[in-house]
Every structure is written in C-alpha cells, then in structure tokens.
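Counting in the numbering used here, the final residue of the sequence shown is number 101, and the numbers go up one at a time with none missing.
Data first, discussion second: the structure below is written as structure tokens.
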Amino acid sequence: MDSNEGTTPPVEFDSETGEYRVRWDPEQNSPTVAVVETIAAAEGTDPTSLDSLAEEIDLDSLEQLITPPNSDSDVHVQFQIRDYRVTVDSGGLVTLRSLDSDETNGETTV
C-alpha cells in the first residue's frame, strides 16, 4: 500500500483570516477524515482523540452529501461543530474558522 494513500495533506493556517484549510483528494480521501484532521490541527491534538465527533455530526450523511455517486455537482456543506464553523466542498477543500474569530472579525472582507 502506498504510504500516502488515504492520508490528507497537511493542514494550513492563515493568520490573516484565522482559517485552517486543507485540500483533500475526493478520488482518494474521505471528507470526514479531512474534517477530523483539520479540527485536530486547530485543537493541537491527535485526530484519534476526536472519536466523539460522530456524536456531534452525522459523518455518514456528510460523506453522502459531499461525495454523491456519479455527480458532477459542486456541493458546499457548512456546519458548526464544537467552537468552529466548518465548510466542506466537493472540490476537495475543508475550511475551519473559530466562531470566536467570526465574532471578532465579523463576516466582512476588506
């Protein structure tokens, strides 16, 4: 097995926007894995310690919404989990922003 198979690229942090971002390959990776790894990076913890995420969000539904079979649609799903606003798109991008950051910075882009 290829050592990169099933792994998500490193999570990046943008200090200007306060966002964590990771690009994942929809052909090789699961959006739920990308979400878990992004939250783990934001919390400075190991992804395996976030098992309780399945209690907070229906990960199977997220998987079905983002990776529908035989679909060429561009799908974006946004939800709040813990203290974060998470956006996942079918093109392979997960963006995570602290809800505190949203309040501090507002939703306005200058």
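The beta-carbon is built from N, C-alpha and C at its ideal position, and this holds for glycine as well.
Item                                                                                                                                                                                     : Value
Could you check what DSSP says for residue 91 in three-state terms: helix, strand or coil?                                                                                               : helix
Might you give, ordered along the chain, the residues of its own chain that have their beta carbon closer than 7 Å to the beta carbon of residue 10, omitting 5 neighbours on each side? : 86, 87 and 88
Measure the alpha-carbon distance for residue 71 versus residue 63 and round it to whole angstroms.                                                                                      : 26 Å
Per DSSP, which residues does residue 84 bridge with? Please list them.                                                                                                                  : 14 and 80
Can you look up residue 55 in the DSSP assignment and give me helix, strand or coil?                                                                                                     : helix
Helix, strand or coil: which one does DSSP assign to residue 66?                                                                                                                         : coil
For the beta strand (DSSP E) containing residue 3, name the first residue and the last one.                                                                                              : 3 to 5
Could you pull out every residue in the same chain whose Cβ sits closer than 8 Å to the Cβ of residue 57, ignoring the five residues on either side in sequence?                         : 17, 22, 66, 68, 79, 80 and 81
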